[in-house]
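Before any comments, here is the structure.
Numbering (the working numbering), first residue to last: 8 to 95.
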């Protein structure tokens with residue numbers, strides 16, 4: 008079964024009350040970065056269900072390319088490419 012649950016209108020309420028900017032006031036830099044990232048992901052997932060072009064995917068693509076480069080140009084006893092491939 009595929010069940011569609013409609014959205015409840017939380018986005019319009021958060022935009023109207025400006026929850027994102029208000030939640031960053033008076034907090035340290037780590038809290039503000041976390042809130043900014045949360046609302047970035049919230050906006051991204053609001054636009055599409057399966058986002059492909061994201062910052063995270065670009066980082067992983069760069070990591071895989073760098074690990075492949077290191078695999079071919081580093082001595083074989085250095086495990087750096089294997090570690091990078093497992094974390095990508």
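Where is the CB? At the ideal position from N, CA and C, for every residue including glycine.
The structure displayed is predicted, hence computed values, not measured ones.
Where residue 52 sits in the DSSP three-state scheme: Against the chain shown, residue 52 aligns to sequence position 45. Note: residue 52 maps to helix in three-state DSSP.
Contact set for residue 91: own chain, Cβ-Cβ below 6 Å, skip 5 residues either direction: On the chain shown, residue 91 is found 84 positions in, with the first residue counted as 1. Its chain contains 70 and 74 as the residues whose beta carbon lies nearer than 6 Å to that of residue 91, once the 5 sequence neighbours on both sides are disregarded; these appear in chain order.
Residue 87 versus residue 64: straight-line alpha-carbon distance, rounded: Translated into positions along the chain shown, residue 87 becomes position 80. Translated into positions along the chain shown, residue 64 becomes position 57. Distance between the alpha carbons of residue 87 and residue 64: 20 Å.
Validate contact between the segment 74-83 and the segment 44-62 using beta carbons, cut 8 Å, 3 pairs: Taking 8 Å as the limit for Cβ pairs, the verdict is that the segment 44-62 does not touch the segment 74-83.
Cα-Cα separation, residue 42 to residue 19: As a first step, residue 42 is located in the chain shown; it is residue number 35 there, counting from the start. As a first step, residue 19 is located in the chain shown; it is residue number 12 there, counting from the start. Rounded to whole angstroms, residue 42 to residue 19 spans 18 Å at the Cα level.
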